[in-house]
Amino acid sequence: MTGWMFEAMARELAGKSPALLILTGHDPVKVEAIIKELANEFPVVKTRALIFDISSFESTRNAAAEVLAYPEPSIDILINNAGVMNLPTRTLSKDGFEMQLAINYLGAFLFTNSIMPKLLASKAPRVTNVTSNGYALSPFRFADYNFDEDKSSNLPEDQQPPKDNCKDFGVPWGLNYLPPIAYGQSKTAMILYTRELATRFKDKNLVATCCNPGPVKTDLWRQMPPDVRESVFTLDQKLASSNGAYLDDCQVKDVTPFASDAGKAQELWTLSEKLTGKSFAW
């Protein structure tokens with residue numbers, strides 16, 4: 358598990374008595390504090406910390422190598438929920454990529470694909486990618502994913518933010534860097550990535566889904582924090598028949614054409630391999 362939701366989610370998953378629960382994050386003090394709390398609440402559950410900076414490709418690659426060296430032969434479930442949103446100014450990662458894209462998508466792409474041998478060693482691997490309905494604010498900007506001012510003015514129309522969606526969300530429209538637009542692009546990327554994972558590994562029993570952590574109304578999940586219950590729901594075995602699906606309010610929902618285009622999903626995979634400097638073949 359990765360990201361800011363891991364504390365509440367870790368408790369929910371620990372309650373299901375997993376053989377091993379791996380908690381990741383960039384702050385070792387926080388991760389170790391949660392592990393100590395889990396040890397008190399769930400003394401029979403084995404936990405392990407994995408500390409890395411998902412915005413850094415070097416750190417992410419090192420973390421993946423550490424996972425591959427674990428004595429456990431397989432990993433059954435991976436939940437990618439590291440995230441950042443609405444950075445007020447355009448900020449670049451150590452590797453030179455817009456920070457919301459680096460954390461919300463590129464890091465997850467690199468980490469997930471790098472530990473794929475462990476996932477595929479599981480009988481029924483699951484990958485859950487946390488996204489957001491904010492994806493509707495922007496297609497993936499293949500011509501200008503970094504929001505470079507010298508490229509933004511020439512952005513193809515089909516990669517521009519939908520004006521109606523921006524209006525519905527109450528956010529400004531523009532082609533240069535705008536925090537919610539950059540956030541939307543990163544979440545569209547995660548949806549496209551989920552689709553491509555499902556396509557590439559459909560013959561290897563891997564089920565990939567993505568979810569918008571929103572409110573749900575069912576009594577079964579009412580006691581969980583909304584963002585957590587949505588992510589946990591994606592692990593329901595009934596969703597195996599909905600590989601690649603986007604979930605909102607614990608239901609499979611359609612997404613806009615720019616987030617469901619199979620060609621765009623394939624194109625993004627190829628670009629992501631180029632950006633992360635690593636090609637993947639299994």
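Going by this note's numbering, the sequence shown opens with residue 358, and the numbers climb by one from there.
Don't be surprised by glycine CBs; every beta carbon is placed ideally from N, CA and C.
Cβ shell of residue i (< 7 Å), same chain only, five flanking positions each side left out
i: Ile460; result: Ile411, Ser412, Ala439, Gly440, Val441
i: Asn600; result: Ala555, Lys559, Val564, Ala565
i: Ile392; result: Leu380, Thr404, Ala406
i: Glu630; result: Ser636, Phe637
i: Ser543; result: Gln457, Leu458, Asn461, Tyr462
Exposure label - residue i; buried when at least 16 CB within 10 Å
i: Leu425; result: exposed
i: Ser471; result: buried
i: Pro496; result: buried
i: Ala500; result: exposed
i: Asp605; result: buried
i: Arg579; result: Note that Arg579 scores 41 on pLDDT, short of 50, meaning its location in the model is unreliable and no value can be drawn from it.
i: Glu455; result: buried
i: Asn443; result: exposed
i: Pro482; result: buried
i: Pro400; result: exposed
i: Leu458; result: buried
i: Asp507; result: exposed
Reference residue i; option with closest CA among the options
i: Tyr462; options: Tyr492, Ser431, Pro375; result: Tyr492
i: Glu415; options: Phe497, Ile392, Lys451, Arg405; result: Lys451
i: Leu494; options: Ala619, Ala390, Pro614, Ser479; result: Pro614
i: Leu395; options: Gly382, Ser374, Asp384, Phe409; result: Ser374
i: Cys568; options: Lys520, Tyr502, Ala619, Met547; result: Met547
i: Lys520; options: Gln608, Ile434, Ala421, Ile538; result: Ile538
i: Asn533; options: Gly634, Asn511, Thr469, Asp384; result: Asn511
i: Cys607; options: Pro518, Gly453, Val487; result: Val487
i: Ala602; options: His383, Arg552, Gly382; result: Arg552
i: Asn522; options: Lys508, Asp505, Asp507, Asn490; result: Asn490
i: Lys480; options: Leu435, Thr469, Ile408, Asn562; result: Asn562
Whole-angstrom distance between residue j and residue i, CA atom to CA atom
i: Leu467; j: Arg418; result: 7 Å
i: Ser431; j: Glu514; result: 44 Å
i: Trp626; j: Asn437; result: 17 Å
i: Ala371; j: Val388; result: 15 Å
i: Ala465; j: Tyr550; result: 10 Å
i: Ala367; j: Pro445; result: 30 Å
i: Pro529; j: Lys610; result: 26 Å
i: Glu398; j: Glu364; result: 13 Å
i: Pro474; j: Pro428; result: 13 Å
i: Arg557; j: Trp639; result: 10 Å
i: Val612; j: Thr485; result: 17 Å
i: Thr536; j: Arg447; result: The question names Thr, yet the displayed sequence has Pro at residue 536. Spanning the two alpha carbons is a distance of roughly 8 Å.
i: Ala420; j: Leu449; result: 21 Å
i: Gly531; j: Val402; result: 49 Å
i: Asn503; j: Asp618; result: 21 Å
i: Ala376; j: Asp433; result: 10 Å
i: Glu423; j: Glu624; result: 29 Å
i: Asp525; j: Pro518; result: 12 Å
i: Val386; j: Gly620; result: 42 Å
i: Ala478; j: Gln516; result: 38 Å
i: Asp384; j: Ser509; result: 35 Å
Own chain partners of residue i with C-beta closer than 6 Å, once the 5 adjacent residues on each side are dropped
i: Gly541; result: Gly491, Tyr492, Leu494, Ser495
At which residue ranges does the region 365-433 contain complete alpha helix (DSSP H) runs of 4 or more residues, listed in the order of the chain?
-> 385-398, 414-425, all fully within the region 365-433.
Could you name each continuous alpha helix (DSSP H) segment of 4 residues or more that falls completely within the region 488-573, going from the start of the chain to the end?
-> Secondary structure within the region 488-573: the alpha helix (DSSP H) runs of 4 or more consecutive residues, fully enclosed, are 506-509, 520-526, 536-557 (chain order).
Let me know the alpha helix (DSSP H) ranges lying completely inside the region 592-631, each 4 residues or longer, listed in chain order.
-> Taking only runs of at least 4 residues, the alpha helix (DSSP H) segments lying wholly in the region 592-631 are 614-617.
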